[in-house]
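Residue numbers (this note's numbering), protein chains in the order written: chain A, 722 to 866; chain B, 722 to 866; chain C, 722 to 866. Ideal Cβ positions, reconstructed from N, Cα and C, are used throughout, including at glycine. One structure is given below, encoded as structure tokens.
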Amino acid sequence: MEFLKDSSKNTYFIRLEKDENVFRSLEKLAKDEGLTCAHINGIGALKDVELGFYHLDKKEYHRETFTGEYELLTLVGNLSLLDGKPFYHIHTSIGLENFSVKGGHLFDAVVAVTVEIELRALPFEISREMDKGIGLNLLNMCPGH
Amino acid sequence: MEFLKDSSKNTYFIRLEKDENVFRSLEKLAKDEGLTCAHINGIGALKDVELGFYHLDKKEYHRETFTGEYELLTLVGNLSLLDGKPFYHIHTSIGLENFSVKGGHLFDAVVAVTVEIELRALPFEISREMDKGIGLNLLNMCPGH
Amino acid sequence: MEFLKDSSKNTYFIRLEKDENVFRSLEKLAKDEGLTCAHINGIGALKDVELGFYHLDKKEYHRETFTGEYELLTLVGNLSLLDGKPFYHIHTSIGLENFSVKGGHLFDAVVAVTVEIELRALPFEISREMDKGIGLNLLNMCPGH
């Protein structure tokens, strides 16, 4: 990972390298830079992409790992805290050789060629907390309540 | 809807709640906060998603409502004014259980689990006006002309 | 092309007109405004869309041009310099009449109805340089090294 940082605006322009794990690298950035909240948006190429689809009725994810390489069409998400640690919630769509598209909640992925991300740090400290009715860790926007 | 607001940068970090109507909630935010222009970007899960595909030759939208629940892969759009009221132009792609993807112009949608949006307010006042040749309300970037 | 510019934040809200070439218009904007780095995000409708899928093993793109008109679901990318000139790296997903989605690396496209883009200029000067192992022009984040 390499990045340039626009201090005044807290915008990071990030390049992930081939074979880096997307989540591990972004988590390291958050720790190193002391980031607690951010919005991210990127493109590139991914491999070994584990996607999820959430079944609200069963309160569980259907998961599938797509091996091989894909164009990364969209990587959109945010950074918050879960159990005090940086946690990224990311949804992704990937493009196949025949230009069809797959997508879902991103559980894991490795950089296939390069990934170029814009991260904008926000001056918030938001934790995720389990919503038992939904079965997911949702954003707790009012930590004082 | 809950949100945190970064006053100096006019960035809103928004959480929509299960069963909220996406458009009604975002319109209320614009009214309450006095927003006239913004860019939005979000992820989450939607249900009862009405999508459109515009036929320029017929000057009309082909519409279809997708019932059931979907991962919200991308929700990208902007806020402007139409007849003096907040109007959001949004395009969306949604993920199915088999990880295939559907998408189009978003006419309507309800939050299935949660929706997390970053909205960045812009200091412009742009109205949409009917372009009769195209049949759509397009951005009028030069209101003084 | 018409645009409004928020000088203090370097955010451009852009409207591309029917029949404009997406790349030529965005390149002209970069030249006219002296932009060297930016993140872009947009929606609208495109026609004559040339998409690519990169084969890392062959070090070449598989390309296909989709004639006809499409909803532009996502246009995400960045501006950097290549051989000293503005270069946009863009990935796109487009929606068909049946609401299925195609996507890939964007090589070329013409505006079908309108395209609405938010461009945020970043105060960096980043050049792309050929990575022979990968076969693509990747971002050189450390031009001084």
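Is residue i near residue j, with beta carbons less than 8 Å apart?
i         : j         : result
Arg745(A) : Glu837(A) : no
Ala766(A) : Thr835(A) : yes
Leu747(A) : Tyr809(A) : yes
Glu846(C) : Thr757(C) : yes
Gly824(C) : Val797(A) : no
Leu794(C) : Thr795(B) : yes
Gly856(A) : Lys749(A) : no
So, for residue i: in the same chain, excluding its five sequence neighbours on each side, which residues have a beta-carbon less than 7 Å away from its beta-carbon?
i         : result
Ala759(A) : Asn799, Leu800, Leu840, Arg841, Ala842, Leu843
Asn858(A) : Leu803, Arg849, Glu850, Met851
Gly816(B) : Tyr791, Glu792, Leu794, Val822
Can you give me the Cβ contacts of residue i inside the same chain, cut-off strictly under 8 Å, excluding the 5 residues immediately before and after it?
i         : result
Pro740(A) : The displayed chain sequence assigns Asp, not Pro, to residue 740(A). Cβ within range, chain order: Val831, Val832.
Tyr782(A) : Gly773, Phe774, Tyr775, His776, His826, Phe828
Met862(A) : Ile847
Lys730(B) : Arg841
By alpha-carbon positions, which one of the options ends up nearest to residue i?
i         : options                                    : result
Glu771(A) : Cys863(B), Asn731(B), Asp829(B), Asn819(B) : Asn819(B)
Leu860(C) : Lys749(A), Ile764(A), Glu785(A)            : Ile764(A)
Asp727(B) : Val743(B), Lys749(B), Glu754(B)            : Glu754(B)
Arg784(A) : Asp769(A), Leu793(A), Leu794(A)            : Asp769(A)
Met722(B) : Ser729(B), Ala751(B), Ile815(B)            : Ala751(B)
Gly789(B) : Glu738(A), Gly789(A), Asp778(A)            : Asp778(A)
What span of residues does the beta strand (DSSP E) with residue i cover, start to end?
i         : result
Glu790(B) : 781–803
Phe820(A) : Here Phe820(A) belongs to no beta strand (DSSP E), and DSSP marks it neither H nor E.
Thr732(B) : 732–738
Asp769(B) : 759–776
Glu850(A) : 848–852
Phe681(C) : Look at the range of chain C in this structure, 722 to 866, and you will see that residue 681(C) is not part of it.
Glu816(C) : Checking the sequence, you will find Gly at residue 816(C) rather than Glu. That run of the beta strand (DSSP E) goes 806–816.
Grab the span of the alpha helix (DSSP H) containing residue i for me, first residue to last.
i         : result
Leu725(C) : That residue, Leu725(C), is in no alpha helix (DSSP H); its beta strand (DSSP E) goes 723–727.
Leu747(B) : 743–754
Excluding sequence positions up to five away, which residues of its chain have a Cβ less than 6 Å from the Cβ of residue i?
i         : result
Phe724(B) : Tyr733, Ile735
Val743(B) : Ala830
Phe762(C) : Rather than Phe, the amino acid found at residue 762(C) in this sequence is Asn. Correct list, in chain order: Val797, Glu839.
Gly854(A) : none
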